[in-house]
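Chemist: Residue numbers (the working numbering): 76 to 829.
Where a beta carbon is used, it is the ideal one built from N, C-alpha and C, also for glycine.
These numbers come from a predicted model, not from an experiment.
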Amino acid sequence: PSPAALPGHLLRGLLPLLNVFYLERAEGAAQRAGLSTQPIWRKLWDDVMKTRPPNSENVTCWRKKFLETFFSNVLHGVLDVSSDWRLNDHHFSPLLHSSQHVTQLTLCNMLQAVTELTAEHNQKVLENLAGSLRTLKFQHLLSTDQSVRRSLVLLLHRLIHHGSVSHVSMYSWPVPDTVLLILILSMSAGYWCSGKVLPYRSSPCGFCREDSAQQQESTRAQTELECCGGKERSHGKEQPASPGAQGAQGGLPGCGADAPHSPAISAQRSCPSSNALCAEGSGKVSCNPPAGSSPHCLSEGLSCHPVLRKPRRRQKPAVGRRRRCPRRSRAMYDDQEDLYDFVFTVAREKTSELHGNSVTERESADNCSSSSTGSPCSSTAGCKKKGGSTGTFSLKTAQRFRSVSTLELFSIPLTEDACRTLSNLLSSWVSLENLVLSYNGLGANIACLLWALRALSRRPGCRLRVLRLSDVFCHVPCVELVRCVLSALPQLHTLSVSFDLKNQAEGNSPGVNSSCSETEIPESCLEQLEIRFPREPLHTALLLPVLKASRGLQQLSLDSAALPCPQELEHLLQALKECNPNLKKLSFHDVNLADHQKEVLFLLQDPILQEITFSFCRLFESCTMEFLSEIINTVKRNSSLKSLKLPGNRLGNHRLVALADIFSEDSSSSLFQLDVSSNCIKPDGLLEFTKKLEGHIQQRGGHIKFTHLRLFQNWLDQDLETAQEALRRLRAVCNVVNDTWDSSQAFADYISVM
């Protein structure tokens, strides 16, 4: 009998004897019987994977964790299912059975897994992934051949355009293949990669085959609309001609019951709304389907594009079509260049054609252009290759599908052409909510990015709320870059700017318009601001306009900033008090605060701040016991402070023991988290701190709000027995997070690099 049909008392004894396939099928029955399978899945993980997963304490469902990793390992050939009887059953396909549980998938190296997933025998696996997968990662990619790229086009088309993937990340690609990079970026942005590699009409995607027939019907319907309404329209002016034309033009009437029942209007009803696809084509019209419409109408909805855009003018379907480049003969195309066709163009489309362009935008676009053939950062993805410009496909006429909402690029150098192409994609990527560009070597090309962000912010429906930029060299002063970004994107909620080193030849940076720092920042929606300075001086006067424009700021993090004068920190804190009354979290990292004891105490008594971080700030370098007592008394009186993080401040044993008085009987502190990582704490000091803390808890009748203590990278390995006793007693009081750190090896490493 099926395990699901067994009574609870029999099921309890049977569950540990099942293989993964029957165990997964018995999950529902186990839940109904009040039985948990989590211990069994955890044991399976330990027996089969033989590794401890990162952040294992945060794993909430070991069933999902195991099956997701099981799928990835089988797909990449690193797990032999015949090695364990619990993994091998001829009644089940490992990939098919586990695919429905996969929400995150990593593809790497030469993308061998892509060919496997798009094989005909794995069609059902791909269908399952299209419904379950949310995050797609690419790591350590290498150049691929034509057949693999063809398979990749099909995979991305199914998982992104007709699937549920909303997050695309690329990691560690020191020498990126430009063709492959542009392919992934553009299909993530919702564009179909046309050309000889895989023409749109030759796609084996069932949704697209259905759409092809509807496109023809839509074209015929469009012709009828033109015949009826063409005489009633003057060139350049939109005048209502017929109910059908009005419905196509406005979006709402065409979706109503009064609209003519034509294939064009039917296609409009099924146009996807999750990414405002139709709106991106024209910048004016949005097509919103009624609630409950099928999620599989993503390609069908594109048939409304010709009707929505220009009912007065006949257009042939753009799918599968390639215009001839006026500057190059057709014989000059090769297979790789075809992948550029829908992105690159040599058409001179002026920057002003983009929705909402201003003189400032045109100047910014000119600054990021290195050629005289017009701005590459226009509404077409113009980009130059070594032998000249390639491709003729404008982004305005390319097929547009569903796009992702999160894009992350880590450690992938971007050439000038790649930056230009990425900027052109970003300028109309209204569905994008999170953008992370980390160590991409942008340099002066950051001007293209700023132009794209400004253009994107002016598009209706722009959703970008999180932007994180980090790199080795800073070609623009950090605060000036922050001001430029906020001027372009005042609707941002989170902005992070991080640089390791200052550009040696900075001078007057050619990358950003110097007038940007003089432009008044509009009122912004910024809630979280993180700045990592490349050892730049922190000038409050330059940061003040940002703080004034961000009245709703709740989190501020300043990293590696140099204080040019003793009064600078005082000026900053005063500005925060006046401009940002809602600030809840404030963090300083690697900022020398040894001589700013007055300002430190001022922060600790702030009645609004809930979390304060002084990380590697040399806080107790020359600290007296009097200053330490003032810190303790201040925290004891502050009932609003919830978290105090003091990693890397040379606390030592005796100061740690003194901190236990924060939780004494006369304290009104609400502190629940204390971080004392990297503070040269030894086992005997930790044990004494524990005993003192236990005494205070006993005096308070066992009532204490303190719940979390972080102890990473301390010298607890010097006396393991004492350390274990201290940790055992601490865990009875609060949640302790620590690691097995070899302090002797760390000291040797420190000496070796001195």
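Identify, in the order they occur along the chain, each residue of the same chain with its Cβ nearer than 7 Å to the Cβ of Leu668, setting aside the five sequence neighbours on each side.
Modeler: Hits under 7 Å: Val675, Phe689, Cys692, Arg693, Leu694.
Chemist: Glu611 by DSSP, collapsed to three states: which one?
Modeler: Correct three-state label for Glu611: coil.
Chemist: Under a Cβ-count criterion, where at least 16 other Cβ atoms within 10 Å of its own Cβ denotes burial, should Cys553 be classed as buried or exposed?
Modeler: Buried, by the Cβ-count rule.
Chemist: Which runs of the beta strand (DSSP E) fall wholly inside the stretch 713-795 and span at least 3 residues, in chain order?
Modeler: You should have 718-720, 748-750, 783-785.
Chemist: In whole angstroms, what is the alpha-carbon distance linking Trp267 and Arg475?
Modeler: Each residue's Cα considered, the two are about 7 Å apart.
Chemist: Would you mind reading off the limits of the beta strand (DSSP E) that contains Thr219?
Modeler: Unbroken run through Thr219: none, as it is neither H nor E.
Chemist: Pull up the distance between the alpha-carbon of Phe213 and that of Asp792, whole angstroms please.
Modeler: Each residue's alpha carbon lies about 38 Å from the other.
Chemist: Could you please give the first and the last residue of the uninterrupted alpha helix (DSSP H) stretch that includes Ser173?
Modeler: First-last of the alpha helix (DSSP H) with Ser173: 169-174.
Chemist: Inspect the CB distances between the stretch 709-721 and the stretch 755-765 and report whether three or more fall short of 8 Å.
Modeler: Counting Cβ pairs under 8 Å, fewer than three are found: no touch.
Chemist: So which of Leu761, Ser745, Phe141, Ser742 has the shortest CA-CA distance to Val751?
Modeler: It is Leu761.
Chemist: How about Thr219 and Thr490: do their beta carbons lie closer than 9 Å?
Modeler: No.
Chemist: Give the DSSP-derived three-state secondary structure of Cys878 in the structure shown.
Modeler: The chain is shown from 76 up to 829; residue 878 falls before or after that span and cannot be answered.
Chemist: Are the stretch 109-126 and the stretch 177-185 in contact at 8 Å, needing three or more beta carbon pairs?
Modeler: No, the stretch 109-126 is not in contact with the stretch 177-185.
Chemist: How about the stretch 128-142 and the stretch 153-166: do they share at least three Cβ pairs that are nearer than 8 Å?
Modeler: Touching, no, given that fewer than three Cβ pairs across the two stretches are closer than 8 Å.
Chemist: For the pair the stretch 599-613 and the stretch 565-576, tell me if three or more CB-CB distances fall below 8 Å.
Modeler: Yes, the stretch 599-613 touches the stretch 565-576.
Chemist: Could you pull the DSSP bridge partners for Thr481 from this structure?
Modeler: According to DSSP, Thr481 bridges with His242, Asn509.
Chemist: So, helix, strand or coil for Cys183, using DSSP?
Modeler: Cys183: strand per DSSP, three-state reduction.
Chemist: List the residues that DSSP assigns as beta-bridge partners of Val811.
Modeler: Partner(s): Leu784.
Chemist: Touch check for the stretch 792-804 and the stretch 733-748: three-plus C-beta pairs under 8 Å?
Modeler: As far as the Cβ criterion goes, the stretch 792-804 does not touch the stretch 733-748, which means the pair count is below three.
Chemist: Verify the CB distance criterion: does Ser739 have a CB-CB separation below 9 Å to chain C?
Modeler: Included in the structure is just one protein chain, with no chain C present.
Chemist: Pick from Thr709, Thr699, Arg495: whose alpha carbon is nearest that of Cys523?
Modeler: When only C-alpha atoms are compared, the closest one is Arg495.
Chemist: Between which two residues does the beta strand (DSSP E) carrying Lys660 extend?
Modeler: Its beta strand (DSSP E) spans residues 660-664.
Chemist: Buried or exposed for Trp160, going by 16 or more other Cβ atoms inside 10 Å?
Modeler: Burial call: exposed.
Chemist: Count the other CB atoms, across all protein chains shown, that sit within 10 Å of the CB of Val228; report buried if there are 16 or more and exposed otherwise.
Modeler: The residue is buried, with at least 16 neighbouring Cβ atoms inside 10 Å.
Chemist: Looking only at its own chain, which residues have a Cβ that is under 8 Å from the Cβ of Asn813, when we skip the five neighbours before and after it?
Modeler: Cβ neighbours of Asn813 beyond the five flanking positions: Arg785, Leu786, Phe787, Asn789, Leu791, Leu802.
Chemist: From what residue to what residue does the beta strand (DSSP E) around Ser688 run?
Modeler: Checking the displayed sequence, the identity of residue 688 turns out to be Thr instead of Ser. Its beta strand (DSSP E) spans residues 686-690.
Chemist: Let's see if you can read the secondary structure: which residues bound the beta strand (DSSP E) around Asp575?
Modeler: First-last of the beta strand (DSSP E) with Asp575: 569-577.
Chemist: Hey, could you find the ends of the beta strand (DSSP E) Ser632 is sitting in?
Modeler: Segment 630-634, the beta strand (DSSP E) holding Ser632.
Chemist: If I measure Cβ to Cβ from Cys654 and keep anything under 6 Å in the same chain, skipping five residues before and after, which residues do I get?
Modeler: Excluding residues within five positions, the ones whose Cβ falls inside 6 Å are Leu622, Lys623.
Chemist: Run the CB neighbour count on Gln774, radius 10 Å, all protein chains shown included, and call it buried at 16 or more, exposed below.
Modeler: Looking at its Cβ environment, which holds fewer than 16 other Cβ atoms inside 10 Å, Gln774 is exposed.
Chemist: From the DSSP output, which residues share a beta bridge with Val541?
Modeler: Paired residues: Asn509, Thr569.
Chemist: By a C-beta neighbour count over all protein chains shown, 10 Å radius and 16 as the cutoff for buried, is Ala194 buried or exposed?
Modeler: Ala194 should be labelled exposed.
Chemist: DSSP beta-bridge partners for Tyr266?
Modeler: Note: Tyr266 sits in a beta bridge opposite Arg475.
Chemist: Taking the continuous alpha helix (DSSP H) assigned at Phe677, which residues delimit it?
Modeler: Looking at the DSSP string, the run of the alpha helix (DSSP H) that includes Phe677 is 672-679.
Chemist: What residues are listed by DSSP as bridge partners for Asp546?
Modeler: Answer is Phe574, bridged to Asp546.
Chemist: Measure the alpha-carbon distance for Tyr246 versus His215 and round it to whole angstroms.
Modeler: If you take the alpha carbons of Tyr246 and His215, they lie about 7 Å apart.
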